[in-house]
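Structure record follows, encoded as structure tokens.
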Amino acid sequence: MSTLRVGLRCDAGPRRGVGHLVRCLALAEEFLARGAHVAVFGTVERLGWATAELAARGIPLHPGPESPADLVDAAHRHELDVLVLDSYELDPAGAGALRAAGVLTLAVIDGDSRGQDADLYLDQNFGAQTPALPGRLLAGSTYALLRDSVVTARPATPRPATAVSRPRVLAFFGGTDAVGAAPVLTRVLLATGHPMDLTVVVGRPEIEAELDEITPGRGQLVRPVPPTGELPKLITEADLVVSAAGTSTWELCCLGAPAALVCVVDNQRESYARVVRHGLAVGLGELPELTGTGVAGRAARATAARTLHGLLSSPERRAALSARAWSTVDGQGRARVVDAVLDAARASAVAG
Numbered sequence: 001m002s003t004l005r006v007g008l009r010c011d012a013g014p015r016r017g018v019g020h021l022v023r024c025l026a027l028a029e030e031f032l033a034r035g036a037h038v039a040v041f042g043t044v045e046r047l048g049w050a051t052a053e054l055a056a057r058g059i060p061l062h063p064g065p066e067s068p069a070d071l072v073d074a075a076h077r078h079e080l081d082v083l084v085l086d087s088y089e090l091d092p093a094g095a096g097a098l099r100a101a102g103v104l105t106l107a108v109i110d111g112d113s114r115g116q117d118a119d120l121y122l123d124q125n126f127g128a129q130t131p132a133l134p135g136r137l138l139a140g141s142t143y144a145l146l147r148d149s150v151v152t153a154r155p156a157t158p159r160p161a162t163a164v165s166r167p168r169v170l171a172f173f174g175g176t177d178a179v180g181a182a183p184v185l186t187r188v189l190l191a192t193g194h195p196m197d198l199t200v201v202v203g204r205p206e207i208e209a210e211l212d213e214i215t216p217g218r219g220q221l222v223r224p225v226p227p228t229g230e231l232p233k234l235i236t237e238a239d240l241v242v243s244a245a246g247t248s249t250w251e252l253c254c255l256g257a258p259a260a261l262v263c264v265v266d267n268q269r270e271s272y273a274r275v276v277r278h279g280l281a282v283g284l285g286e287l288p289e290l291t292g293t294g295v296a297g298r299a300a301r302a303t304a305a306r307t308l309h310g311l312l313s314s315p316e317r318r319a320a321l322s323a324r325a326w327s328t329v330d331g332q333g334r335a336r337v338v339d340a341v342l343d344a345a346r347a348s349a350v351a352g
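Mapping the sequence shown onto the UniProt record's numbering, position 62 (from 1) lands on 62, and the numbers just tick up by one.
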């Protein structure tokens, strides 16, 4: 087979977040390692670090075709053999149009296929179910897409139970924190009253301005940092991580991070519930509850603060979380996905 030409269609920005781009970047790294030619098609808005990540790997960024006809046109112009679709916004008919045009199509989904007619589907969420789909479904966290920087930072063993008087806590909520979770969870963390060295990844200037107005208590330090390619290092150095229940959940598991998660958008709810139920992370609830006014909001925040205090004061609980998470995601998911794509491409070539 000649050099495989792969396109990845995804978008990233302050409103959309960066989850789609991050998992496509992980796939891109694996395809590149297999000798494929890779390009990304989409919009990357106001995310200098993200465009730098693509440039560092020599991955060109082309405008993102929207309609089925434009997707087919772009695939033909760039002579693509494979197009990965990772978007909630594209016309679902695009996958079928690409297949009809002879382009192998992988649709990355989160529970809902949106009626896409793809050759392959990937739902990397823990415990993902197998609905009736026209193509093959790669389901579950065994297929979690993780970047080189995460896989290489994976520790050889889970975290030991280590007592620390002032735990290092990392809080981050996606590349842009589109929903403004950081100030809310910073207040909840500080409300535990437990000493901590808290690093908060700040995706937008308005988030940092709100953090500046928060006063830490005794023995508490809050340090805002901009989005960084060094996130895996920050995760491995932290005694506890507080994050959104999005695509970064699988990074936390792979790195064996003791984590407390918040469900920040509706499409995280099912995966969040499964992860918490199986003890891979502790649940702090849903963001609308934590931002609520009146008695209900205060009760939700108080409950989350008690949960976090329990984690901060128990190295044994943190170590147990680390062990379960670490054993669930081994960092080889993207290789399994690319194996499946290459198998399908070979089968298609033989049939053709």
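We treat Cβ as the ideally placed atom computed from N, Cα and C, and that holds for glycine. All of these numbers come straight from a predicted model, not from anything done at the bench.
| Query | Result |
| --- | --- |
| Length of the line joining the Cα atoms of Gly96 and Val82 | 13 Å |
| Cβ neighbour criterion (16 or more within 10 Å) applied to Gln129 | exposed |
| Completely contained alpha helix (DSSP H) runs for the segment 250-304, where each covers 4 or more residues | 269-277, 287-290 |
| Where Thr215 sits in the DSSP three-state scheme | coil |
| Selection from Glu30, Arg9, Glu29 that minimises the alpha carbon distance to His20 | Arg9 |
| Paired residues, beta bridge with His37 - DSSP | Arg5 |
| Cβ contact check for the segment 97-104 and the segment 114-128: 3 or more pairs under 8 Å | yes |
| Where Gly333 falls: helix, strand or coil (DSSP) | helix |
| Residue burial classification, Ile109 (beta-carbon count within 10 angstroms, cutoff 16) | buried |
| Exposure of Gly219, with buried meaning 16 or more beta-carbon neighbours within 10 Å | exposed |
| Distance between Gly7 and Thr307 (C-alpha atoms, nearest Å) | 43 Å |
| Runs of alpha helix (DSSP H) wholly within the segment 21-83 (minimum 4 residues, chain order) | 48-56, 68-77 |
| Element boundaries [alpha helix (DSSP H), containing Leu98] | 93-100 |
| Range covered by the alpha helix (DSSP H) that runs through Pro183 | 181-190 |
| N-terminal and C-terminal residue of the beta strand (DSSP E) that Asp119 is part of | Neither: Asp119 is in no beta strand (DSSP E) and is coded neither H nor E. |
| Reduced DSSP category for Arg136 - H, G, I as helix; E, B as strand; rest coil | strand |
| Proximity below 7 Å, CB of Glu30 to CB of Arg324 | no |
| Which of helix, strand or coil DSSP assigns to Thr236 | helix |
| Minimum C-alpha distance to Leu90 - residue among Arg317, Glu79, Gly111, Gly115 | Gly115 |
| Separation of Arg159 from Pro232, as counted between CA atoms | 15 Å |
| Residue environment, Leu145, which counts as buried when at least 16 other CB atoms sit within 10 Å | buried |
| Per-residue DSSP class, three states only, for Ala347 | helix |
| Neighbour-count burial assignment, Glu213, 16 or more Cβ in a 10 Å radius | exposed |
| Nearest residue (CA-CA) to Leu32, options Ala12, Gly331, Thr3 | Thr3 |
| Sequence-distant residues of the same chain with beta carbon closer than 7 Å to Leu133, five excluded per side | Ser113, Tyr121 |
| Opposing strand residues paired with Gln220 [DSSP bridges] | Met196 |
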